[in-house]
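Reading through the structure tokens given below for one structure.
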Amino acid sequence: MPRVTFTANLQRHLDVPSLEASGARVCEVLAAVFEQRPLLRSYIVDDQGRLRRHVNVFVNSVLITDREGLSDAVRPDDEVFVFQALSGG
Amino acid sequence: MGEHILVATRKGLFGVGFNGVAGDPRPVGFLGDPVSAVMQNEQDGAIYAALNLGHFGAKLHRSDDFGLTWTELPVPAYPPGEGEDAASLKFIWTLARGGLEQPKRLWAGTLPGGLFRSDDRGESWELVESLWNQPSRSEWFGGGYDDPGIHSINVDDNGRLVVGISCGGVWISEDDGESWTLGGKGLAADYMPPDRRNDPTIQDPHRLAVCQAAPDTVWCQHHCGIFRSDDGGHTFTEIKEVAPSAFGFAVAAHPQDPKTAWFVPAVKDACRVPVDGRFVVTRTRDGGASFETLSKGLPQETAFDLVYRHALAVGGDGRALIMGSTTGALWLSEDAGESWRLLSTHLPPIAQVCFVGKP
Chain A
279 MPRVTFTANL
289 QRHLDVPSLE
299 ASGARVCEVL
309 AAVFEQRPLL
319 RSYIVDDQGR
329 LRRHVNVFVN
339 SVLITDREGL
349 SDAVRPDDEV
359 FVFQALSGG
Chain B
26 MGEHILVATR
36 KGLFGVGFNG
46 VAGDPRPVGF
56 LGDPVSAVMQ
66 NEQDGAIYAA
76 LNLGHFGAKL
86 HRSDDFGLTW
96 TELPVPAYPP
106 GEGEDAASLK
116 FIWTLARGGL
126 EQPKRLWAGT
136 LPGGLFRSDD
146 RGESWELVES
156 LWNQPSRSEW
166 FGGGYDDPGI
176 HSINVDDNGR
186 LVVGISCGGV
196 WISEDDGESW
206 TLGGKGLAAD
216 YMPPDRRNDP
226 TIQDPHRLAV
236 CQAAPDTVWC
246 QHHCGIFRSD
256 DGGHTFTEIK
266 EVAPSAFGFA
276 VAAHPQDPKT
286 AWFVPAVKDA
296 CRVPVDGRFV
306 VTRTRDGGAS
316 FETLSKGLPQ
326 ETAFDLVYRH
336 ALAVGGDGRA
346 LIMGSTTGAL
356 WLSEDAGESW
366 RLLSTHLPPI
376 AQVCFVGKP
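Following this line, the structure appears as structure tokens:
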């Protein structure tokens, strides 16, 4: 099952340790994460489910390309990183 | 209930006289984070603070123990839409309690222009679609921000709602938000072509303030001047020749006397600093027929303070006033603005101030 790790900057606001979440695409993995932690959703995506402008998601070391639909593929042994972008904010 | 003061700033929530701790003003929560709105529902004493976290979006917290601890609440969310322009919450600009028969009701005014309602103390939110679906919403535009936003929500004891939108005019509901009437007739926008100058749809009321005891009186600090309504916001009359300037953002209405209101002038929209470097408050006590310029205790040279639309508040007695500026200065008056006491010159930029009572 993919492991999801969050930027330490989120820890200021929410208790979000690394956790495992199932899914074959980033949107599915994050949906599983939000199922466990509903308040986390609005920190990562906007009301339409799009990745927040100043949040980046990597699958292993690769930045995802579909920021609107989060359709990038995730394999069971992948690690997903949710980072704060160094722009804006 | 003793009166205390909360100050929402770019870098946290600050308190004055808060929980009896010395060293005011001092941080009481969210240090480092922009606080976009703060309010107390005096019906149950709960305090609400909205944050505008740059990277992580808008957030909302409630304290049921007068600021000792905070609980994060869900934020209002716009319904699913199509395309890249589908709406998403930018931030919460203002919060307001419900009517006297609605102790759990909250209203939230947001960017990009949605009014939201909660009937469970902020635990869940619903978009007020009757306003969101107004056909004229397509004419709204941003004023100060890229998107239109709701900054004023006045709820009077009869249940009437008067809402101010920059730039979307003045909207009135007599039936708890079920239906809406576009008010604001008489407002004038000199940023529009002549034929649309008086179009109520595109007005920029910087702030609306209602006299609590006489809610038909609505004061408006507009982008293009000062206006007063005597019919609950349906029609307005411009008050001209206000010295030193009729431009500003904030207005506070006396809670009992409909003829008294306070404003904080700046030069003009293209130069948002005090006139001649003298920082003053203007007050009318005769419905706008005349204004006094109040300066005692305020900087009278090389001052560049600007007071945002939510950063001037009057207490329930009509004598206490609190005022904060974008350059981080905070003043208190205990004599209806005749004189001011400087509480700090070095707070972060101040977005909102409010008086709160300890239950």
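Residue numbers (the numbering used here), protein chains in the order written: chain A, 279 to 367; chain B, 26 to 384.
No residue lacks a Cβ here, since even glycine has one placed at the ideal position from N, Cα and C.
Here Gln377 of chain B carries a strand assignment [DSSP, helix/strand/coil]. The residues Tyr73, Leu85, Arg87, Leu98, Leu131, in chain order, have a CB closer than 7 Å to that of Gly147 of chain B in the same chain once the five nearest residues on each side in sequence are set aside. Excluding sequence positions up to five before and after Arg344 of chain B, its CB lies within less than 7 Å of the CB of Glu359, Asp360, Ala361, all in the same chain and listed in chain order.
Scanning its chain for C-beta atoms nearer than 6 Å, with the 5 sequence neighbours on each side dropped, one finds around Asp229 of chain B the residues Gly168, Ser191, Cys192, His248, in chain order. In the DSSP annotation of this structure, Val307 of chain A is not part of any beta strand (DSSP E); the continuous alpha helix (DSSP H) holding it starts and ends at 304-314.
Scanning chain A for C-beta atoms nearer than 8 Å to the C-beta of Val100 of chain B yields Ser320, reported in chain order. Of the residues assessed, Gln362 of chain A falls on the buried side of the cut-off, its CB having 16 or more other CB atoms within 10 angstroms. Between the C-alpha atoms of Thr351 of chain B and Val276 of chain B there is a straight-line separation of about 16 Å. The secondary-structure analysis by DSSP pairs Leu329 of chain A across a beta bridge with A:Val323. Between Ala336 of chain B and Phe272 of chain B, the CB-CB gap reaches or exceeds 9 Å. Taking CB atoms only, Lys210 of chain B has no neighbour in chain A less than 9 Å away.
With contacts defined by Cβ atoms closer than 9 Å, Leu355 of chain B and Leu346 of chain B do not form a contacting pair. With respect to the C-alpha of Ala121 of chain B, the residue from B:Ala75, B:Val195, B:Lys115, B:Gln281 having the closest C-alpha is B:Ala75. Collapsing the DSSP output to three states places Gln289 of chain A in a helix. Residues Arg253, Lys284 of the same chain have their beta carbon placed closer than 7 Å to that of Gly312 of chain B, with the five preceding and five following residues left out of the count.
Within the segment 201-256 of chain B, complete beta strand (DSSP E) segments of at least 3 residues are found at 230-235, 243-247, 250-254, given in chain order.
Using a CB distance cut-off of 9 Å, Gly106 of chain B counts as an interface residue toward chain A.
As the crow flies, the alpha-carbon of Phe359 of chain A is around 36 Å from that of Gln377 of chain B.
When C-alpha distances from Arg345 of chain A are compared across A:Arg290, A:Glu357, A:Cys305, A:Thr283, the shortest belongs to A:Cys305. Chain-order list of chain B residues neighbouring Gln362 of chain A: His80, by C-beta distance under 7 Å. Below the 7 Å Cβ cutoff, chain A contributes Asp324, Asp325, Gln326 as neighbours of Ser113 of chain B, in chain order. Cβ atoms of Pro225 of chain B and Gly208 of chain B come within 8 Å of each other, at about 7 Å.
Comparing alpha-carbon positions, the option among B:Val235, B:Thr260, B:Glu126, B:Thr119 lying closest to Tyr333 of chain B turns out to be B:Thr119. For the segment 329-343 of chain A, the set of positions with a beta-carbon nearer than 9 Å to some beta-carbon of chain B reads Arg330, Arg331, His332, Val333 in chain order.
Its Cα nearest to that of Pro373 of chain B, the residue B:Arg51 stands out among B:Arg51, B:Trp196, B:Ser161.
Per DSSP, the beta bridge partners of Gly174 of chain B are B:Ser191. Each of B:Asn183, B:Asp256, B:His80, B:Pro299 was checked against the Cα of Pro269 of chain B, and the nearest Cα belongs to B:Pro299. Those residues of the segment 290-322 of chain A placed with their C-beta closer than 7 Å to a C-beta in chain B are His291, Leu317, Ser320, Tyr321, ordered along the chain. Within chain A, the residues placing a beta-carbon under 7 Å from that of Tyr103 of chain B are Asp325, ordered along the chain. Neighbours of Glu266 of chain B across chain A, judged by C-beta separation under 7 Å, do not exist; the nearest C-beta is about 43 Å away. The residue among B:Val306, B:Glu317, B:Thr327 with its C-alpha nearest the C-alpha of Leu357 of chain B is B:Val306. In the three-state DSSP reduction, Val267 of chain B falls in the coil class, being neither helix nor strand. Shown here, Glu199 of chain B sits in coil according to DSSP, grouped into three states, outside any helix or strand. Secondary structure of Glu317 of chain B (DSSP, three-state): strand. Separation of Cys236 of chain B and Phe116 of chain B (C-alpha to C-alpha, rounded to the nearest whole angstrom) is 27 Å.
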